[in-house]
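*Asks:* The sequence shown begins at 9 in this note's numbering and counts up one residue at a time. Let me begin by handing over the structure; questions about it come next.
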Amino acid sequence: MGESFRFPGIPVGWYVVATSDEVRAGQLHTVKYFGEELILYRTESGQVHLTEAYCPHLGAHLGSGTVQGENLRCSFHGFEFGGDGRCVRTAYGKGVPRKAKLTTWEIREHNGYVFAWYHPEGKQPEWEVPVLPGPSEGWTAFRTRAISVKSHPQETSENSVDTGHFIQVHGFGDAWTEGDLEIDGHVLKGAYGIQYPLGDKIKFVAKFNVEVHGLGYSLVRVRVERFGIQINLLVLSSPVDHDNIILRTAASAKRWGALPITNLLREAASWGLNREVGQDAPIWETKRYLDRPMLAEGDGPIGEYRRYCKQFYPQQAEAKTTKLPVVAA
Ligand code: FES
Ligand SMILES: [Fe+2]
């Protein structure tokens, strides 16, 4: 990422911090997101929690701790913390320090992902990410791949409205927008058609319905009407710090013929999406973010997308508010 511009911070939103199968009951992991080391663990009953990494007692790193039933236990003096972060027990068997509390992050878990809510001031969640159909509704589970990229969630999500690069970078035969972008609070929706050549003779047309639910979660509903195929793609951008992300891509297919064929379809979609972000990544890593781009006719709705993005930086909104001129009477 070029050095000329810094986004106002990490945008407010839900971010994937693990796939569900990466964090098993009784396990604890040190992860890095939102610019700091954090502790991710699953209790014996199956609840996932995310907390700060340093014990409020005397500062030990909880990465060397253990999960004890429903609690997180520090390895230094054996203090235990409940899922809400409060100290519930000391190894001394006496009163617990009432103020000892770990900072915790709000968690949701569905579709095979663990999501954490990020707000720079620690405010509670303002929306939820959608729960998508899974195996009980005739869709496969998601197949997930992950890469590390030196970039920012606003840059990677901008891809979903940047129709101009679909042809140049990804080799689509054609790409066009269908209707206007719809923006409703934190949700942005857009529809595209793409034509994709398969060899010299065959071309197929796919419809993309893009839904962006904050900058960490983009859903693309793909339909290839000619073959009756439906696929859900996810692009999940999670900030490790201000300048680095883990970018997970995922695909789930609606049952299409026999199950092995459906799985093959999902695999092909996952492979294709992973290939596409592999084509984008070197551009993201070396580009500059231009606050005032010179847009041309034929570009996707990039200006509208950027206006939508502003709501995810409360620090910037407040900075603007405090700068309002005060006029003396
Ligand atoms: S530092 Fe964690 S229990 Fe003492
Ligand atoms: Fe792309």
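Even for Gly, the Cβ is constructed at its ideal location relative to N, Cα and C. This structure is a prediction, so every number in the text was calculated from the model and none was measured.
Looking at the structure shown, is F89 part of a helix, part of a strand, or coil, going by DSSP?
*Replies:* Walking along the sequence shown from the start, residue 89 turns up at place 81. Of the three classes helix, strand and coil, the one that applies to F89 here is strand, per DSSP.
*Asks:* Got a sec: does ligand 2 put a non-hydrogen atom nearer than 6 Å to the Cβ of E186?
*Replies:* Taking the first residue of the sequence shown as 1, we reach residue 186 at position 178. No, ligand 2 has no heavy atom inside 6 Å of this Cβ.
*Asks:* Any idea what DSSP makes of E44, helix, strand or coil?
*Replies:* To locate residue 44, count along the sequence shown from 1; it is residue 36. E44 falls in the strand class under three-state DSSP.
*Asks:* So which of T111, P128, I202 and G93 has the shortest CA-CA distance to G17?
*Replies:* Within the sequence shown, residue 17 is the residue found at index 9, counting from 1. For the residues T111, P128, I202 and G93, the minimum Cα distance to G17 belongs to P128.
*Asks:* On the three-state DSSP scale, how would you describe C317?
*Replies:* Sequence index remark: in the sequence shown, residue 317 carries index 309 (1-based). C317: helix per DSSP, three-state reduction.
*Asks:* Among H173, E117 and Q132, which one has its Cα closest to the Cα of Q287?
*Replies:* For the purposes of this step, residue 287 is taken as the residue at position 279 of the sequence shown. The candidate whose alpha carbon is nearest that of Q287 is H173.
*Asks:* Have a look at the DSSP bridge pairing and note the partners of G130.
*Replies:* The residue you call residue 130 lines up with position 122 of the sequence shown. In DSSP, G130 forms no bridge with anything.
*Asks:* Which residues share a DSSP beta bridge with D249?
*Replies:* Counting from one through the sequence shown, the residue named residue 249 turns up at place 241. Its beta-bridge partners are N252.
*Asks:* Who sits around ligand 2, taking every residue whose Cβ is closer than 5 Å to one of its heavy atoms?
*Replies:* Those residues are N167 and D288, given in chain order.
*Asks:* By Cβ distance below 6 Å, which residues in the same chain neighbour R97 in space, the five residues on each side in sequence not counted?
*Replies:* Stepping through the sequence shown from its first residue, residue 97 is reached at position 89. The answer, listed in chain order, is E88.
*Asks:* Can you give me the C-alpha to C-alpha distance between Y200 and T74, rounded to a whole angstrom?
*Replies:* As a first step, residue 200 must be located in the sequence shown, where it is residue number 192. As a first step, residue 74 must be located in the sequence shown, where it is residue number 66. Those two C-alpha atoms are separated by around 48 Å.
*Asks:* Check this for me: beta carbons of H57 and G91, under 7 Å apart or not?
*Replies:* To locate residue 57, count along the sequence shown from 1; it is residue 49. To locate residue 91, count along the sequence shown from 1; it is residue 83. In this structure, G91 lies closer than 7 Å to H57 by Cβ.
*Asks:* Would you tell me roughly how many angstroms separate the C-alpha atoms of V137 and W22, rounded to the nearest one?
*Replies:* In the sequence shown, residue 137 corresponds to position 129, counting from 1. In the sequence shown, residue 22 corresponds to position 14, counting from 1. Their backbone Cα atoms lie some 7 Å apart in a straight line.
*Asks:* I'd like to confirm something about F87: is its beta-carbon nearer than 6 Å to some heavy atom of ligand 1, or not?
*Replies:* As a first step, residue 87 is located in the sequence shown; it is residue number 79 there, counting from the start. Indeed, a heavy atom of ligand 1 lies less than 6 Å from the Cβ.
*Asks:* Below 6 Å CB to CB, which residues in the same chain sit around G34 once its five sequence neighbours on both sides are set aside?
*Replies:* By one-based count along the sequence shown, residue 34 stands at place 26. Same-chain partners within the cutoff: E52 and V75.
*Asks:* Whether or not the region 183 to 197 and the region 218 to 230 are in contact is what I'm after, with contact meaning three or more pairs of Cβ atoms, one per stretch, closer than 8 Å; do they touch?
*Replies:* Yes: at least three Cβ pairs fall under 8 Å.
*Asks:* What's the call for T164, buried or exposed, on a 16-neighbour Cβ count within 10 Å?
*Replies:* Along the sequence shown, one-based indexing puts residue 164 at 156. Its Cβ being crowded by 16 or more others within 10 Å, T164 is buried.
*Asks:* Okay, do the region 136 to 150 and the region 29 to 47 touch, 3+ Cβ pairs below 8 Å being the bar?
*Replies:* With the cut-off at 8 Å, the region 136 to 150 and the region 29 to 47 do not touch.
*Asks:* Let me know if A266 comes out buried or exposed under the rule of 16 or more other beta-carbons within 10 Å of its beta-carbon.
*Replies:* Stepping through the sequence shown from its first residue, residue 266 is reached at position 258. Exposed.
*Asks:* Which class does F150 belong to by DSSP, given the choice of helix, strand or coil?
*Replies:* Along the sequence shown, one-based indexing puts residue 150 at 142. Coil.
*Asks:* By the three-class DSSP mapping on this structure, what secondary structure does N119 have?
*Replies:* Here residue 119 corresponds to residue number 111 of the sequence shown, with the count starting at 1. Of the three classes helix, strand and coil, the one that applies to N119 here is coil, per DSSP.
*Asks:* Excluding the five sequence neighbours on either side, which residues of its own chain have a C-beta within less than 8 Å of the C-beta of G146, listed in chain order?
*Replies:* Position 138 of the sequence shown, counting from 1, holds the residue named residue 146. Once the five neighbours on either side are set aside, the close Cβ partners of G146 are K262 and R263.
*Asks:* Do you know how far the Cα of T112 is from the Cα of S357?
*Replies:* Absent from the structure is residue 357, since the part of the chain shown begins at 9 and ends at 337.
*Asks:* Could you check the C-alpha separation between E312 and V169 for me, to the nearest Å?
*Replies:* On the sequence shown, position 304 is the one that residue 312 refers to. On the sequence shown, position 161 is the one that residue 169 refers to. Cα-Cα distance, rounded: 9 Å.
*Asks:* To the nearest angstrom, report how far apart P268 and R151 are at their CA atoms.
*Replies:* For the purposes of this step, residue 268 is identified with residue 260 of the sequence shown, where counting begins at 1. For the purposes of this step, residue 151 is identified with residue 143 of the sequence shown, where counting begins at 1. Using only the alpha carbons, I get a separation of about 14 Å.
*Asks:* Compare the Cα-Cα distances from R234 to each of Q203, L110 and A61 and report the closest residue.
*Replies:* The residue you call residue 234 lines up with position 226 of the sequence shown. Measuring from the Cα of R234, the nearest candidate turns out to be Q203.
*Asks:* With distances taken from CA atoms, which of K211, L46, Q55 and Q323 is nearest A68?
*Replies:* If you number the sequence shown from 1, residue 68 lands on position 60. Considering only alpha carbons, the answer is L46.
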